[in-house]
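Novice: Pasting a structure below so you can have a look.
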Amino acid sequence: MKKIIILFLALSLTSCHELQQVVNQLPQGEAALGNDQIAAGLRQALDKGIQSQVSKLTQEDGFLKNEAVKILLPEELQKVDKTLRDIGLGSLADEGLKVLNRAAEDAVGEATPIFVDAVKGITFSDAKNILLGSDNAATQYLTSATQTQLYAKFNPVIKNSFSKVGADKIWSNLITKYNNIPLTKKVNPDLTDYVTQEALNGVYTMIAVEEKEIRNNATSRTTDLLKRVFSLQD
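Mapped onto my numbering, the consecutive letters of the sequence shown carry residue numbers 43 to 276.
This is how it looks when you write it as structure tokens:
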């Protein structure tokens, strides 16, 4: 707003001397920021998202008790959940839901270094347009640039996490009980694929939370680079 007021005053003045005085008041350092510096600022914002927000997902109940990222049952298993609850097996259904989220928490903890490396390697071909874009523009760009690669990294980690937290046994027991119920249609979903995708979505969601905070709250810009870069979009 300050910049707009200064420019308005500039247009209102007739004297070249007065005009030059107003122009001299405009921030000079910002104009010197090139695409590389803006890109570095965006990467730093994404790194901060990993440190401040994604780290929360690795804690116990980091997914399960965070409504923004909590992993619910896939559509084909919602009928399993309902049926088991209807016949008094609600505690088993609750345990099945919990271990899906536990696997995601475990996997994100193991795969976070992979994600950090991906952020360091990302290149912003038009960093300024991303900077001046929506509240989650950098996160969207990160998603498009890394999702395929990270899926391939996360998937085996999720599979291993299923075994580590006992999700494979619990779901085998749960689905076996369901499939033994008369007149039910047998199910055998690929839970590893489903939870991998949901875990990635949760990671990107939490990074977007931090990006929005940095964009809209100047006190969240904790480094000189973040202050310089994101002042351009204020």
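Positions of the beta carbon are idealized from the N, C-alpha and C atoms, including for glycine.
Helix, strand or coil: how does DSSP classify residue 175 here?
Specialist: In the sequence shown, residue 175 corresponds to position 133, counting from 1. Residue 175: coil per DSSP, three-state reduction.
Novice: Below 8 Å on the Cβ atoms is my contact criterion, and I expect residue 161 with residue 89 to pass it. Report the Cβ-Cβ distance as a whole number of Å.
Specialist: To locate residue 161, count along the sequence shown from 1; it is residue 119. To locate residue 89, count along the sequence shown from 1; it is residue 47. The Cβ separation is near 6 Å, so the contact holds.
Novice: Applying the criterion that 16 or more other CB atoms from any shown protein chain within 10 Å of the CB defines a buried residue, is residue 250 buried or exposed?
Specialist: Walking along the sequence shown from the start, residue 250 turns up at place 208. That one is buried.
Novice: Could you work out which residue in 237, 253, 270 is closest to residue 119 when comparing CA atoms only?
Specialist: Mapped onto the sequence shown, residue 119 falls at position 77. Checked all of 237, 253, 270; the closest Cα to residue 119 is 237.
Novice: Touch check for the stretch 141-156 and the stretch 94-114: three-plus C-beta pairs under 8 Å?
Specialist: Flag = yes, the stretch 141-156 and the stretch 94-114 touch.
Novice: According to DSSP, is residue 255 helix, strand or coil?
Specialist: As a first step, residue 255 is located in the sequence shown; it is residue number 213 there, counting from the start. Residue 255 falls in the helix class under three-state DSSP.
Novice: If I measure Cβ to Cβ from residue 232 and keep anything under 6 Å in the same chain, skipping five residues before and after, which residues do I get?
Specialist: Translated into the one-based positions of the sequence shown, residue 232 becomes position 190. Closer than 6 Å at the Cβ level, and outside the excluded window around residue 232, lies no residue.
Novice: Under 8 Å by Cβ, that's how I've got residue 253 and residue 91 pegged, so tell me the actual separation to the nearest angstrom.
Specialist: Numbered from its first residue, the sequence shown carries residue 253 at position 211. Numbered from its first residue, the sequence shown carries residue 91 at position 49. Yes, residue 253 and residue 91 are in contact; Cβ-Cβ is about 6 Å, under 8 Å.
Novice: Grab me the residues of residue 138's own chain with a C-beta within less than 7 Å of its C-beta, minus the 5 sequence neighbours each way, in chain order.
Specialist: Here residue 138 refers to the residue found at position 96 when the sequence shown is read from its first residue. The residues are 212, 213, 216.
Novice: Considering Cα atoms alone, identify which of 191, 235, 185, 245 is closest to residue 94.
Specialist: In the sequence shown, residue 94 corresponds to position 52, counting from 1. Taking only the C-alpha atoms, the option nearest residue 94 is 245.
Novice: Go through its chain and collect everything with a Cβ distance to residue 180's Cβ below 7 Å, but skip five positions before and after it.
Specialist: In the sequence shown, the residue the question calls residue 180 occupies position 138. Cβ within range, chain order: 84, 87, 88, 172, 253.
Novice: Indicate whether the contact test is met: 3 or more Cβ pairs, each with one atom in the stretch 162-171 and one in the stretch 100-108, closer than 8 Å.
Specialist: Touching, no, given that fewer than three Cβ pairs across the two stretches are closer than 8 Å.
Novice: Report all residues from its chain with a CB closer than 6 Å to the CB of residue 185; omit the five preceding and five following residues, and keep chain order.
Specialist: In the sequence shown, residue 185 corresponds to position 143, counting from 1. Counting only Cβ-Cβ distances below 6 Å, and skipping sequence neighbours, we find 246.
Novice: Considering only the alpha carbon of each residue, which of 224, 206, 243, 125 lies closest to residue 192?
Specialist: Taking the first residue of the sequence shown as 1, we reach residue 192 at position 150. Among 224, 206, 243, 125, the Cα nearest to that of residue 192 belongs to 243.
Novice: Check residue 166 in the structure and name its three-state DSSP category.
Specialist: To locate residue 166, count along the sequence shown from 1; it is residue 124. In the structure shown, residue 166 sits in coil (DSSP, three-state: anything other than H, G, I, E or B).
Novice: Taking only the alpha-carbon atoms, compute the straight-line gap between residue 203 and residue 158 and give it to the nearest angstrom.
Specialist: Along the sequence shown, one-based indexing puts residue 203 at 161. Along the sequence shown, one-based indexing puts residue 158 at 116. Their backbone Cα atoms lie some 20 Å apart in a straight line.
Novice: Is residue 143 helix, strand or coil by DSSP?
Specialist: Numbered from its first residue, the sequence shown carries residue 143 at position 101. If DSSP states are grouped into helix, strand and coil, residue 143 belongs with the helices.
Novice: Residue 225: buried (16+ other C-beta within 10 angstroms of its C-beta) or exposed?
Specialist: What you label residue 225 is simply residue 183 of the sequence shown in a count that begins at 1. By the 10 Å Cβ count, residue 225 comes out exposed.
Novice: Which stretch, first to last residue, makes up the alpha helix (DSSP H) that contains residue 217?
Specialist: Working through the sequence shown from its first residue, we reach residue 217 at position 175. Where residue 217 is concerned, the enclosing alpha helix (DSSP H) stretches over 209-221.
Novice: Report the residue from 147, 258, 76 whose alpha carbon sits nearest the alpha carbon of residue 200.
Specialist: Within the sequence shown, the letter at position 158 stands for residue 200. Cα-wise, what sits closest to residue 200 is 147.
Novice: Can you tell which of 207, 122, 156 has its C-alpha closest to the C-alpha of residue 189?
Specialist: Here residue 189 corresponds to residue number 147 of the sequence shown, with the count starting at 1. For residue 189, the nearest C-alpha among the options comes from 156.
Novice: Might you give, ordered along the chain, the residues of its own chain that have their beta carbon closer than 6 Å to the beta carbon of residue 123, omitting 5 neighbours on each side?
Specialist: Along the sequence shown, read from residue 1 onward, the residue named residue 123 stands at position 81. These residues qualify, in order along the chain: 115, 135.
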